[in-house]
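Protein chains in written order, with the working numbering: chain A, 1 to 219; chain B, 220 to 424.
All C-beta atoms in this analysis are idealised placements derived from N, C-alpha and C, irrespective of residue type, glycine included.
Predicted, not measured: the structure shown is a model, and the values here were computed from it.
Everything on this sheet refers to the single structure shown next.
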Amino acid sequence: MHISEGFLSAPVLGVGIILAAAGTSVGLKKLKEDKIPQAAILSAAFFVASLIHVPMGPSSAHLILNGSLGLMLGWVAFPAILIALLLQGVLFQFGGITTLGVNTIIMATPAVLCYYLFAGFVHKPGALSHAACFACGFLSVFFSSLLVGTALMFTQESFLEVAWAVVIAHVPVMFIEGLVAIFCMGFLKKVQPELLPKWPAAQQQAALDNRAKMVEKQV
Amino acid sequence: MYRKYFMRFSCLILFFFLSKGNALAHKVTVFAWVEGNTVLGESKFSGGKKVRDSEIIVWDLNGKELLRTRTNQKGEFSFPIPAKTAMRIELIAGMGHKAEWTIPLEDIDETDAARDAQRPLPESAGKTDPGQAVHPAAAIDSVQLEAIVEKAVTKALDKKITPLTRMVADLEQKGPTMNEIVGGIGYIFGLMGVAIYFSSRKKKS
C-alpha cells in the first residue's frame, strides 16, 4: 500500500506532507513520557509487519497493523508510523521520501479513527470486545485502501475503479488484520491491560489484586 | 494461564515469519538489457513475484514516448530498439506501484557496432591499398578474419553473459536483508532513547 515515488502530482504530495506534519505535531504533544517505549515498540512492529506478506491477490498485500497500533496509541500513531515509514523508505526503498507525507496519512488517519471508534469497547466483556478488535483491524485497512484510492484519484483513473481494486486486493489482509487484532488485544487484556486505552485507575487496582491472587494460586 | 497465551502468541508470530516466503509486495522493480537489436527485460515485486500483464512505457530521455507494451505471464517483456537513443523504461504495476530502468546510449551503440561487424564486408577486399597488394591473400584474410572473429566472440559472449545479466537482474531485485531489518529496529529504539533523554531533561529544568 506504499505509493511509489513519481506517481503523484506535486499538490497531492504537498497536501500529504502538510497534513502529516500536523498529525505528527498533535501526536508528539500527546506523547507522555511513560508512553515513549510503547510507541517505539509498536513503531518497530509496524516497521517489520510490512515484511510479512499474505500470499493472495494480484498485488501487494502485507500486514499493516495500523489498526492495532492506533487502538493502543491514539494520536501518537502519527509519529510512530511516520518514523517506521521513513525507515522503510530509506532502508527497503518501499514507498519513497517525497511520498512519505501521503503514505503517513494513508496509514495513520485510519489508525486514529479506529482509536476513537473502538477504544471504548476494548474493556467490555468477551464477544463485544472481540468484535470491536476485529472491526478495528478490518476497518483500518479498509479506510487505508479508500485513502489510497483518493490519493491516486488525482493522478490516475477514476476513484471508484482504483479504490475498488485496492479494496479487493486487501480483503484477505483485512480479515487477517482483524484476527491479529483479536489475538493481540486478547493477549494484552490478560497480561497487561493498562497498555490498552481508556483504562481507569480503579480497574488497575482490581487487576493488580487479581494478578497477585493468581500468582499465589500458581505458587 | 499466561503461558498458554504466550504460546499462542508466539505461534502466531512464528506462523507469520514462516509464511513470509511466497510473497506479494510493495516494491516493484524492472530491469532491462540489450541483446542484439531487441531490448529484453523482466520485472518483479519484491519477494520475487512476477509482475504479470502490466504496462511498460518506453520514453526517450527528453520525455517523448517511444512505445508501449505489456509484460507477459512470466513478468518478462521485449521489444525491438525503437530508436537510437537512450531509453527510460517505465513499468506501471497499478495501485501506486511504479518502477523505471534506464538504458544508456552506449549500450545501444555497442550492439549496433556488433551488428555491423556481423555483416560480411564484401567491398573491404577492394579497399586494400597497393602496399598490401603484395600479399593479397593475407590482406583479405585479415579483414575477413576480423569480421569472423568478432562475430564469433560476440556470439560466445552473449551466451556467457546472458546468465550473468540475469543474475544481476536478480540482485537488483532482492528484498530487504536481515541487516536492514535489524538496523531499522535499532534506529527506532535509538530514537526512543533520544526522545526519553529530551523528555527527562525537560522535566529536570
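Spatial neighbours of A/Ile-106 in its own chain (CB-CB distance under 7 Å, excluding positions within 5 residues in sequence) are listed in chain order as Met-1, Ser-144, Leu-147, Val-148 and Ala-151. In terms of Cβ geometry, B/Pro-299 and B/Leu-285 do not form a close pair [threshold 8 Å]. Residue contact check for A/Ile-105 against chain B: no CB pair falls below 8 Å.
For B/Leu-410, a Cβ of chain A is located within less than 8 Å of the residue's own Cβ. Out of A/Ser-9, A/Lys-30, A/Phe-47 and A/Leu-208, the CA that lies nearest to the CA of A/Gly-74 is found in A/Lys-30. CA-CA distance, B/Ser-361 to B/Leu-376, rounds to 21 Å.
At the C-beta level, A/Val-102 and A/Leu-8 come within 8 Å of one another.
Along the segment 22-105 of chain A, the alpha helix (DSSP H) occurs as fully enclosed runs of 4 or more residues at 36-49, 66-73 and 77-87, listed in sequence order. Residue pairing by DSSP puts B/Val-247 in a beta bridge opposite B/Phe-264. Scanning its chain for C-beta atoms nearer than 8 Å, with the 5 sequence neighbours on each side dropped, one finds around B/Ser-273 the residues Ser-262, Arg-289, Thr-290, Leu-310, Ile-311, Ala-312 and Gly-313, in chain order. Looking at the backbone, the Cα of A/Ile-17 and that of B/Ile-380 are separated by about 45 Å. Residue pairing for B/Trp-320: DSSP places it in a beta bridge opposite B/Ile-308. Per DSSP, B/Trp-278 is not a residue of any alpha helix (DSSP H); the beta strand (DSSP E) it occupies stretches across 274-279. For A/Pro-37, the C-beta contacts it makes with chain B under 8 Å involve Met-411 and Ile-415, in order along the chain. Closest option to B/Asn-256, judged by alpha-carbon separation, among B/Ile-367, B/Pro-395, B/Lys-303 and B/Ala-388: B/Lys-303.
Taking the Cβ atoms as the reference, A/Gly-178 lies roughly 4 Å from A/Phe-134, within the contact range of under 8 Å.
B/Pro-299 carries a strand assignment under DSSP once its states are collapsed to helix, strand and coil. With its beta carbon at least 8 Å from every one in chain B, A/Val-112 lies outside the interface.
In the structure shown, the three-state DSSP call for A/Val-191 is helix. Each residue's CA atom was taken as its position, placing A/Ile-81 and A/Ile-97 some 14 Å apart. Burial is judged here by how many other beta carbons sit within 10 angstroms of a residue's own beta carbon; B/Lys-246 has at least 16 and is buried.
Interface annotation, B/Glu-399: in contact with chain A, CB-CB separation under 8 Å. Remark: C-beta atoms of A/Val-141 and A/Val-173 approach each other more closely than 8 Å. Under the Cβ distance rule, B/Lys-246 counts among the residues neighbouring chain A, one pair being separated by less than 8 Å.
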